[in-house]
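Here's the structure we're looking at; comments come further down.
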Amino acid sequence: MEDYSNYPLQLDATDRPMVRFQNVTKRYGALTVLDNLNLDVAEGEMISIIGPSGSGKTTVLRMLMLERIQGGVIYVDGTPLTHEAKGGKLVEASERYLRKAREPIGMCFQHFNLFPHFTALQNCMEGPVQVLGLSKKEARERSEELLEMVGMIDKKDQHPSRLSGGQQQRVAIARALAMRPKVMLLDEVTSALDPEVIGEVTEVIKKLVKEHNLTIMMVTHQMGFAADISDRVCFFYGGRIEEQGPPKELFGNPQKERTQQFLSAVKSAD
Amino acid sequence: MTYWEFLSENGGRFFDGTLTTAAQFFLSAIFAILFALIAGLMKLSDNVFVRSPAVVYIEIFRGTSLLVQLYWIFFVLPLFGITLEKFTAGFIAVSMNLGAYGAELVRGGIQSVPKGQWEAAYSLSMSPAKRMWRIILPQALVNMLPPWGNLLIELLKATALVSLISVADLMFEAKQINGSTFLSAQAFGTALIIYYIFARLIVTPFMRWMERVMARKMGRV
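Here the protein sequences come in this chain order: A and B. Numbering (the numbering used here) for the first sequence: 18 to 287. Numbering (the numbering used here) for the second sequence: -3 to 217.
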């Protein structure tokens, strides 16, 4: 049993990243996927997570939104996410607490996961109406604004089955934004797309980075895109951060051998 | 006696019996869907105290004969102080039996909804109840409709057993007519035709219509 007395119940205002992973360990059975991860993401920062498959990069995002961890604590906006304070110390969070704590986080998935029985507009309105308690009218205005932003307003009454992959992903981005998240998780959002529509999704993400003060964590295989828009790139290898830095440095002058190997392998595949 | 004379003489009783069968069918169907939904959801629970009653219910009602269950509910339950009127005992037995089969359809239908849908609903912070009711169940329903069409036809045919506790349904009337006229082929033949028409011209088209409505909801037209 881990002793949580060393972890603060709340992060100080002077040292308060938007997301903090502190000694986080994630295991699936006997397999340790992430080993003692320490990572801070500042407010408004855009970080890209790259690495070979099995390096634990997608798990970083899934721990924030979907899965429990086996060691350490994750803080979001200064407050523990994976744990709650009970009697002056941290204990593992209840389901209810977790769900509430995850409200300021939005997520987009590789396979979009739009609700097939709703139209694009209904997909975007669902969260605001059902979770945030907005009126239909408010939710519709907010959703239409976002669909406009992602260039999908003309298709707002279409069901996902009538939309291309790129269009579905843009609606999925609008759906996540409709919850007004502080942190946005993008999990390989272009990996399932045909090459010719990747651009329409990356354009939307660029716009997002430029126009909104969102904290974004993006797992991607598109090195060029990551280099273009990230403030920082983290290279994961074997469940740990092997190397991280501004894209210019990490891509231009990687220090570690594994980073060099990975980047040259990716380059030769292009 | 021609068949038309037979019909004009006994048509009224066939008609009454058909109405009772229809009533048994609709009530059984509604309760079967209810039992199936409750037991199917309970069976998916992580909590063993929620799950086990559903497992016991499904095992008992799927694993034993409907006729025996019907006799239990009508003849044995009164010994424990629960007396049901025969009409009620009839549709309760049929719905509990078919509901146990339906529970497995509900469970399978829910499990066939892709994991990504749960994750997307969760990522919008939807409560477990809303997640199930608004996102998962509608999609599960689409997957479940074709097997439910079969089950409802099974259910219609199963209602014929209630004649054995003297509910005056179509089968009961056919037996009575057979007893008084000795025209077995006409009596049971007519019953057969009415059951067939009921299944083929009412139940099946209704389910097809439901499937079309759901396909439209999914934007798949």
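We treat Cβ as the ideally placed atom computed from N, Cα and C, and that holds for glycine.
Residue i: contacting residues in chain A (beta-carbon distance under 8 angstroms)
i        : result
Arg58/B  : Correct list: empty, because the minimum Cβ distance to chain A is about 30 angstroms.
Arg9/B   : Within 8 angstroms Cβ-Cβ: nothing; Arg9/B doesn't reach chain A, min ~46 angstroms.
Pro134/B : His134
Residue i vs residue j beta-carbon contact at 7 angstroms
i        : j        : result
Ala195/A : Ser160/A : yes
Val109/B : Ala136/B : yes
Leu51/A  : Gly256/A : yes
Ile54/B  : Ala99/B  : yes
Leu148/B : Val199/B : yes
Gly105/A : Arg33/A  : no
Ala170/B : Ala183/B : yes
Arg179/A : Gly215/B : yes
Val226/A : Met63/A  : yes
Gly112/B : Asn140/A : no
Ser306/A : Gln127/A : The question about residue 306/A has no answer, for chain A in this structure spans 18 to 287.
Thr99/A  : Val90/A  : yes
Val148/A : Ser119/B : no
Leu66/B  : Leu157/B : yes
Gln186/A : Ala137/A : no
Phe31/B  : Gly95/B  : yes
Leu141/B : Ala195/B : no
Lys154/A : Leu164/A : no
Val138/B : Gly36/B  : no
Lys103/A : Thr76/A  : no
Thr186/B : Thr17/B  : no
Ser65/A  : Ser281/A : no
Pro177/A : Pro145/A : no
Gly73/A  : Met201/A : no
Gly57/A  : Arg37/A  : Looking at the sequence provided, one finds Asp at residue 57/A rather than Gly. Yes, the pair counts as a contact, with Cβ atoms nearer than the cut-off.
Val250/A : Leu267/A : yes
Cys125/A : Ala193/A : yes
Proximal chain A residues relative to residue i, where beta-carbon distance stays under 7 angstroms
i        : result
Leu120/B : Glu143, Gly144, Val148 and Met196
Arg216/B : Ser178
Ile131/B : Phe132
Lys213/B : His134
Interface partners of residue i on chain B, CB under 7 angstroms
i        : result
Arg33/A  : Within chain B, no residue comes near Arg33/A; the closest Cβ sits about 23 angstroms away, beyond 7 angstroms.
Arg116/A : Ser121
Met124/A : Ser119
Leu83/A  : Glu115 and Tyr118
Residues that residue i contacts on chain B, provided the C-beta gap is smaller than 8 angstroms
i        : result
Glu165/A : What Glu165/A touches in chain B: nothing, since even the nearest Cβ is about 20 angstroms away.
Asn23/A  : Residues of chain B passing the Cβ test: none, with the nearest at roughly 30 angstroms.
Glu155/A : Within 8 angstroms Cβ-Cβ: nothing; Glu155/A doesn't reach chain B, min ~16 angstroms.
Glu120/A : Ser121
Whole-Å CB distance - residue i paired with residue j, under 8 angstroms assumed
i        : j        : result
Ser91/B  : Phe168/B : Ser91/B to Phe168/B, Cβ: 19 angstroms. No contact.
Asn93/B  : Phe57/B  : 5 angstroms
Leu107/A : Val236/A : Actually they do not touch by this definition, with Cβ atoms about 27 angstroms apart.
Phe87/B  : Leu23/B  : 4 angstroms
Glu60/A  : Met35/A  : 4 angstroms
Lys82/B  : Ser162/B : 6 angstroms
Leu210/A : Gly241/A : So it is not a contact: roughly 15 angstroms between Cβ atoms.
Pro291/A : Ala243/A : Residue 291/A lies beyond the residue range present for chain A, which begins at 18 and ends at 287; the question has no answer from this structure.
Pro121/A : Pro198/A : 6 angstroms
Partners in chain B for residue i, counting only beta-carbon separations shorter than 9 angstroms
i        : result
Met235/A : Those do not exist, as Met235/A stays about 15 angstroms from chain B at its closest Cβ, beyond 9 angstroms.
His128/A : Pro110 and Gly112
Every unbroken alpha helix (DSSP H) inside the region 142 to 209 of chain A [4 residues or more] | 153 to 166 and 182 to 194
Between the region 97 to 129 of chain B and chain A, which residues of the former have CB atoms less than 7 angstroms from a CB of the latter, in chain order?
-> Gly112, Gln113, Glu115, Ala116, Tyr118, Ser119, Leu120, Ser121, Met122 and Lys126
Within the region 218 to 259 of chain A, note down every full alpha helix (DSSP H) run reaching 4 residues or more, in order along the chain.
-> Segments of the alpha helix (DSSP H) lying fully in the region 218 to 259 of chain A: 240 to 246.
Can you list, in chain order, the residues of the region 158 to 183 of chain A whose Cβ is nearer than 8 angstroms to any Cβ on chain B?
-> Gln175, His176, Pro177, Ser178 and Arg179
For the region 57 to 81 of chain A, enumerate the residues whose C-beta is nearer than 8 angstroms to any C-beta of chain B, in chain order.
-> none
Within 9 angstroms of chain B by C-beta, residues of the region 255 to 267 of chain A in sequence order | So nothing in the stretch comes that close.
Check distances from the C-beta atoms of the region 90 to 113 of chain A to those of chain B and list, in chain order, the residues that come in under 7 angstroms.
-> Taking 7 angstroms as the Cβ-Cβ cut-off against chain B, none of the residues of the region 90 to 113 of chain A qualify.
Every unbroken alpha helix (DSSP H) inside the region 88 to 141 of chain A [4 residues or more] = Qualifying alpha helix (DSSP H) stretches, in chain order: 112 to 118.
Along the chain, which unbroken stretches of the alpha helix (DSSP H) at least 4 residues long are found entirely within the region -2 to 43 of chain B?
-> -1 to 39
What are the uninterrupted segments assigned as alpha helix (DSSP H) that are 4 or more residues long and contained completely in the region 66 to 128 of chain B, given in chain order?
-> 82 to 107 and 111 to 119
Length at least 3, wholly inside the region 150 to 181 of chain B: the beta strand (DSSP E) runs in chain order | You should have found no qualifying run.
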